[in-house]
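Residue 4 is where the sequence shown starts when you use our numbering, and the numbers rise one by one after that.
Beta carbons: idealized from backbone N, C-alpha and C, even for Gly.
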Amino acid sequence: MTIINVMVPFRLIKQIDDYSRIINEILKHDISFNILKFSTSSGGINLLLDVPESKIDTITTSLRQNDIYVNRKGRVLVDEDLCINCGACVSLCPTDALHFEDDESVQFEEDKCIGCLICIDSCPRGAIEESK
Numbered sequence: 004m005t006i007i008n009v010m011v012p013f014r015l016i017k018q019i020d021d022y023s024r025i026i027n028e029i030l031k032h033d034i035s036f037n038i039l040k041f042s043t044s045s046g047g048i049n050l051l052l053d054v055p056e057s058k059i060d061t062i063t064t065s066l067r068q069n070d071i072y073v074n075r076k077g078r079v080l081v082d083e084d085l086c087i088n089c090g091a092c093v094s095l096c097p098t099d100a101l102h103f104e105d106d107e108s109v110q111f112e113e114d115k116c117i118g119c120l121i122c123i124d125s126c127p128r129g130a131i132e133e134s135k
């Protein structure tokens, strides 16, 4: 599975039926997916979706044809020198890639990271950033 960020501009959403049209655009390709995060911003609706790697091109093409922005998510880097082991990121990590060790230090296991990037904004010290 791969994480993609989907941004739907508000100009495309005029009524509640427009939400179902967007989801149906994905479902019509017989693709299973998970919504990891749903939020709004000044630009529109933001969805963080977990989709099968084999279907990325299909979903991306289909959504972009409907003026919906799509980009893939990346991995994170943790600066252990900046980390204060507060655990704010640990509580949000859906895969336990960020977790506490027995000594109460925060440990990051890159192979478990799905790139949802939810942890980045949680860090009060800015010790977590998206890898380039």
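- Within the same chain, Cβ atoms closer than 7 Å to the Cβ of Ser134 are found at Gly77, Arg78, Val79 and Leu80, the five residues on either side in sequence being excluded.
- The closest CA to that of Ile16, considering only Ala100, Met4, Gly46 and Asp33, is found on Gly46.
- Cβ-Cβ distances below 6 Å link Leu39 to Leu51, Asp53 and Cys119 in the same chain, with the five nearest sequence neighbours on each side left out; the list follows chain order.
- In chain order, Cys92, Val93, Val109, Phe111 and Cys122 place their CB closer than 7 Å to the CB of Leu101, counting only its own chain and leaving out the 5 sequence neighbours on each side.
- The criterion of a C-beta distance shorter than 8 Å is satisfied by Ile6 and Ile117.
- Taking every protein chain shown into account, the CB of Leu66 has 16 or more other CB atoms within 10 angstroms, so this residue is buried.
- Secondary structure note for Leu39: its beta strand (DSSP E) is the uninterrupted segment Asn37 to Thr43.
- The three-state reading of DSSP puts Asp53 in strand, counting E and B together.
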